[in-house]
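> Just dropping this structure here.
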Amino acid sequence: MAEIPHVLPDVAFDGSLSLWSGGRELRLLTATGDASGSAVLYLPAEKILVTGDVLVSPEDGNGPPPWTTNSYAISPWLASLRRLAALDVKVIVPGQGPAMHDRTYLERTIDLYAAVLDQVHAALERGLFELEDVQAAVNVDEIGKGYTPGRAPGEAFHRWVSILSRKAYQEALDGVMR
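Just remember that this note's numbering sits 111 ahead of the position in the sequence shown, which is counted from 1.
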């Protein structure tokens, strides 16, 4: 490793940056995923989207994203997923898991994040303020069934929802845990 020259970036961008290789456009887009400073690659002519860890799936392609985030930036992550869904794509290459040849997983993940956020906010608006009470009010099993057709969401799914609902709770309370 010491022998390999290190080349540091000398261009920063906000929003998007298009690079050209001959007539081929390589478009970089800023996004929030498991990190707030992520970028995705979009090849508009080929209709290929490489998401990095903005969209990940289990190695077998079944189930919800295998992790959430270290931060509590769930709303910006959802906004990024929605921006990706607005792109004209035929192939999605997630940060983890197999390439996807339709939008089903992306759309299901958007539905899942949106439902968790909506239900956390609804619980808080009803006066539930203890984390455990808010988490108990979140039920996204119907969406979870879509990740694993033919079987009910398992313990791993419920653990993931619990973590995401905690992050959404933190976000709603500006990071203050009760």
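Note that CB positions come from ideal geometry on N, CA and C, so glycine has one too.
#1: Could you tell me whether the Cβ atoms of Pro177 and Tyr258 are closer together than 7 Å?
#2: So the candidates are Pro155, Ala113, Ala234, Asn250; which of them puts its Cα closest to the Cα of Ser103?
#3: Whole angstroms are fine: how far does the CA of Glu114 sit from the CA of Val295?
#4: With a Cβ-Cβ cutoff of 7 Å, do Lys158 and Asp199 count as a contact?
#5: Count the other CB atoms, across all protein chains shown, that sit within 10 Å of the CB of Leu211; report buried if there are 16 or more and exposed otherwise.
#6: In three-state DSSP terms, what is Gly163?
#7: Please classify Ser132: does DSSP put it in a helix, a strand, or coil?
#8: Span of the beta strand (DSSP E) holding Ser149?
#9: How about the stretch 226-244 and the stretch 272-282: do they share at least three Cβ pairs that are nearer than 8 Å?
#10: Suppose contacts are defined by Cβ-Cβ distances below 7 Å. Is Glu282 in contact with Ile185 by that definition?
#11: Residues in the same chain with beta-carbon distance under 6 Å from Pro205, minus the five sequence neighbours each way, listed in chain order, please.
Short version:
#1: no
#2: There is simply no residue 103 to check, as the chain begins at 112 and stops at 289 in what is shown.
#3: This structure leaves residue 295 out entirely; the chain is present only between 112 and 289.
#4: yes
#5: Before going further, note that residue 211 is Met rather than Leu in the sequence given. By the 10 Å Cβ count, Met211 comes out buried.
#6: strand
#7: strand
#8: 149-154
#9: yes
#10: yes
#11: Thr162, Leu166, Val167, Ser168
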